[in-house]
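Report on one structure; see the data block that follows.
Protein chains: 2
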Amino acid sequence: MAVIQYAPDVELIPTKSMRKIITLVEEEKIEQGILPIENSTEGAVTEVMDLLIKTKKSKIQREIILPVRHNLLSTGDDISKLKYILSHPQALEQTREYFIKNYPGIELIPTESTSRACEIVKQKGEEYAAIANEWAAKNNGLKILDKNIQDNFYNQTRFLIIGRNHEKPTGKDKTSIAFSFHNDFPGSLYMVLKEFAEREVNLTRIESRPAKSEMGKYIFYIDFIGHIEDNHVKEILENVEKITNRFKIFGSYPMGKIE
Amino acid sequence: MAVIQYAPDVELIPTKSMRKIITLVEEEKIEQGILPIENSTEGAVTEVMDLLIKTKKSKIQREIILPVRHNLLSTGDDISKLKYILSHPQALEQTREYFIKNYPGIELIPTESTSRACEIVKQKGEEYAAIANEWAAKNNGLKILDKNIQDNFYNQTRFLIIGRNHEKPTGKDKTSIAFSFHNDFPGSLYMVLKEFAEREVNLTRIESRPAKSEMGKYIFYIDFIGHIEDNHVKEILENVEKITNRFKIFGSYPMGKIE
């Protein structure tokens, strides 16, 4: 769904893992890849963060923020006949209040994916419904009995498009970087944040991931407003590079709107 | 194993979830609970972080840092007879290089837990071995064929002991806090870190978790050296409380050594 928002006409190639997506971009076998990077409820997708730090050619070219929308899908169109609701445990969890309030007698059954839930519902008939997105309804020929049944209306997932070229400034851009320090940080992180604060540059995200050597060693990931071609951003990054050990720029890209 | 290090003679009560451990402490049904909070390879245990922010009475009373040690366990004592190695996927992943290097022909089979691997190995005999810790060897009556077979010798897990009382200062203490900001952070996090940096107080950990409202809203978790009864720590915390929205002190506790 994120890709359809971004580029409705591109050819889509499915892969079996996040790692594979990045490998295909790095090996120049695909032009761009799309990866989830964070969810407003679950937090960072740590696997993707750990993969991005190892890339050589990949640049972040776009961010896409998509609200998580759950719908009730079935073969029939009579909600009163429903006895069983199937979906991935996370979707069941995210619609629990809706069912307790509206259909307390209904049985919730976990499946390995939302697609699998749709398949079963298609076979089993009108006592069964799946929780899935609109695309799944269309794809499986199911009817939408109720829309936007998620308990938290702010649940959003942020995706990144990666490719191999730097994006030109648009005037409304974000930049993503990562860095670690030589030693433990007495005031090291403070020194980095000072560079941003003194130039009134807003951070939109800060995360830490273990450096995987020993406890207490971290790699920091920062997203901020601005483009690497902006003069004040150049200044910040030059100074940050001096006070850090590993330092990596993932790229500058247009700020995403919530679709 | 972490509890045995900390208090070898306490009564151990197993629970089915992390949430249950915290509930039992909050309802005063157990004196103390133990929870993993971070691993030097995998990062934060986000479930525990999200549970801790909701506690009312619980205080962190101790930290225990335990190296992750994998051993090769079997009923026999002849490594050359081994054909199959069983363990939890994470343990298999963490010993992969060891097997590629030393026993390239051996088949690695994932099981749902290291305990389950030990049970199967007990039944199947000397062609089978499990990857598990020393305690599992003793508990299952298995022989240790090889010790410390983990690829990464720095892999450590940090555990927290929670209870209901504040711990007195020992002179070598850590304090854990969490906070969020009213608005997005232009320089808010910088302002907080400034309080620590100006008093030369070392941070040992900084993590962010989503506030679960919308993308870009975070709760920050900081661990630092010092005790809440120290005057300079009192000053810092008073100032931090003023510039933050939600503010929570999890407790002060003796710094853990690596066992």
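Line by line, the protein sequences are chains A and B. Be aware that the first sequence starts at 2, since it is given in our numbering, and climbs by one per residue. Be aware that the second sequence starts at 2, since it is given in our numbering, and climbs by one per residue. Each residue gets a CB set at the ideal place from its N, CA and C atoms; glycine is no exception.
Beta-carbon proximity list for residue i, same chain, < 7 Å, skipping 5 on both sides
i	result
A/Asp174	Gly227, His228, Ser253, Tyr254, Pro255, Met256
B/Lys58	Glu27, Arg165
B/Arg20	Leu52
B/Arg97	Asp152
A/Phe61	Note that residue 61 of chain A corresponds to Ile in the displayed sequence, not to Phe. Correct list, in chain order: Leu161, Ile163, Ser177, Phe251, Gly252, Tyr254.
A/Cys119	Leu74, Ala131, Ala133, Ala137, Asn141, Leu143
B/Tyr155	Ser41
A/Lys148	Asn72
A/Ile31	Ile14, Leu25
A/Phe100	Ile86, Ile107, Leu109
B/Ile237	Glu196, Phe197, Arg200, Val202
A/Ser116	Ala137
One or two residues paired with residue i in a DSSP bridge
i	result
A/Gly252	A/Ser177
A/Gly44	A/Asn40
B/Pro9	DSSP, once it has assigned bridges, lists no residue as partnering B/Pro9.
B/Leu73	B/Ile132, B/Asp147
B/Glu108	B/Tyr85
B/Asp224	B/Ser177, B/Arg206
B/Thr96	Per DSSP, none; premise fails for B/Thr96.
B/Tyr219	B/Pro211
A/Pro15	A/Pro15 is not bridged to any residue.
B/Lys60	B/Gly164
B/Arg159	B/Glu39, B/Ile66
B/Gly142	Partner(s): none; B/Gly142 has no beta bridge.
B/Gly34	B/Ile163
Contacts around residue i, its chain only, beta-carbon distance under 8 Å, and the 5 residues preceding and following it disregarded
i	result
A/Leu13	Val4
A/Ser75	Leu83, Val122, Glu127, Tyr129, Ala130, Ala131, Leu143, Lys144, Leu146
A/Ile66	Gln157, Thr158, Arg159, Phe160, Gly257, Lys258, Ile259, Glu260
B/Glu108	Lys84, Tyr85, Ile86
B/Lys235	Ile229
B/His167	Lys60, Ile229, Gly252, Ser253
6 Å Cβ shell around residue i - same chain, five flanking residues per side excluded
i	result
B/Arg210	Met50, Ile220
A/Ile110	Tyr85, Leu87
A/Val193	Val241
A/Thr16	Ile22
A/Glu230	Pro170
A/Ile38	Val46, Val49, Arg159, Leu161
A/Arg206	Asp224
B/Pro68	Gln157
A/Gly34	Ile22, Val26, Ile163
B/Ile80	Leu146
A/Ser114	His89
B/His233	Arg200
B/His183	Asn246
Assumed close pair residue i, residue j - CB separation to whole angstroms, cut-off 8 Å
i	j	result
A/Arg70	A/Asn134	6 Å
A/Gln151	A/Gln95	5 Å
B/Asp41	A/Lys55	Looking at the sequence shown, residue 41 of chain B is not Asp but Ser. That pair is no contact at about 18 Å.
B/Glu239	B/Tyr222	At roughly 19 Å, the Cβ-Cβ gap does not stay under 8 Å, so B/Glu239 and B/Tyr222 are not in contact.
Check each residue of the region 200–212 of chain A: if its Cβ is closer than 8 Å to any Cβ of chain B, include it; give the result in chain order. Glu201, Asn203, Leu204, Thr205, Arg206, Ile207, Glu208, Ser209, Arg210, Pro211
Residues of the region 43–77 of chain B in Cβ contact with chain A at a cutoff of 8 Å, in chain order, please. Glu43, Gly44, Thr47, Ile66
Name, going along the chain, the residues of the region 126–158 of chain B whose beta-carbon falls closer than 9 Å to a beta-carbon of chain A. Asn153, Tyr155, Asn156, Gln157, Thr158
Using a beta-carbon distance cut-off of less than 7 Å, what residues from the region 212–228 of chain B approach chain A? Lys213, Ser214, Glu215, Met216, Gly217
For the structure I just gave you, are there three or more beta carbon pairs, one from the region 197–205 of chain B and one from the region 188–208 of chain A, closer than 8 Å? yes
Taking 8 Å as the cut-off, does the region 175–182 of chain A touch the region 241–251 of chain A (at least 3 CB pairs, one atom from each stretch)? yes
Residues in the region 86–99 of chain B having any Cβ partner in chain A nearer than 8 Å: none
Name the residues in the region 23–41 of chain B whose C-beta lies less than 9 Å from a C-beta of chain A; which are they? Glu39, Asn40, Ser41
Chain A contacts from the region 229–255 of chain B (Cβ-Cβ distance under 9 Å): none
Tell me which residues of the region 7–24 of chain B have at least one Cβ-Cβ distance to chain A shorter than 7 Å, keeping chain order. none
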